[in-house]
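The structure under discussion appears below in the form of structure tokens.
Residue numbers (the working numbering): 30 to 219.
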């Protein structure tokens, strides 16, 4: 992958626009910050969960194309979506109630698909929903995603505090499930 430029960053990582020379397409590459991957166990967990997200396929989900490790640092290769995140986009719009409902019905349907595959997003927020060039919502950043059956793993409290469900804040992995993402939808709608 040939890095073109930095697209943005968050608490967990940095996202770059890159060119995939093998398939001749633009991609988005998310690289976790060094401090986010403090141990081999965290790298392994990151790769496992990114691989689970890569199996998801839905029109309102940003596709995960690849997961790799380079020089000990993992990264995720996502479909590149031209557009902006829902927080920025909505701030410039005069959305009607019906438009908001249509957006979130699409988001909820995508989450239903992910939950049906046993994957919970765990960091759903306006900044992790991209609005594409056709004004369709696309959920991205399954970097914190958990598989519902992975309850025996140690859970590190992670996510965005304003949209985190109580069980996330308390670090109670055994209570984190699809309802955790539904909580986040409620917060975003509020």
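Positions of the beta carbon are idealized from the N, C-alpha and C atoms, including for glycine.
Computed from a predicted model, the values in this text were never measured in an experiment.
Roughly how many angstroms lie between the CA atoms of residue 108 and residue 144, to the nearest whole one? 21 Å
Residue from 195, 69 and 136 with nearest C-alpha to residue 100: 69
Which same chain residues, not among the five before or five after residue 180, have their C-beta less than 7 Å away from its C-beta? Low confidence applies to residue 180: its pLDDT is 42, below 50, so where it sits in the model is not reliable, and the reading given next is rough at best. Result list for residue 180: 202 and 203, in chain order.
Per DSSP, which one or two residues make a beta bridge with residue 195? Bridge partners of residue 195: none, in fact.
Rounding to the nearest angstrom, what Cα-Cα distance links residue 59 and residue 210 in this structure? 21 Å
Cα-Cα separation between residue 35 and residue 42, rounded to whole angstroms: 11 Å
Rank 194, 113 and 80 by C-alpha distance to the C-alpha of residue 105 and give the top, closest one. Selection 194, 113 and 80 evaluated against residue 105 yields 80 as nearest (Cα-Cα).
Identify every run of the beta strand (DSSP E) within the region 136-180, keeping only runs that are complete inside it and at least 3 residues long; order them along the chain. Fully enclosed beta strand (DSSP E) runs of 3 or longer: 158-161 and 166-168.
Would a C-beta distance cut-off of 8 Å place residue 83 and residue 72 closer than the cut-off? It is not a contact, given that the beta carbons lie outside the stated cut-off.
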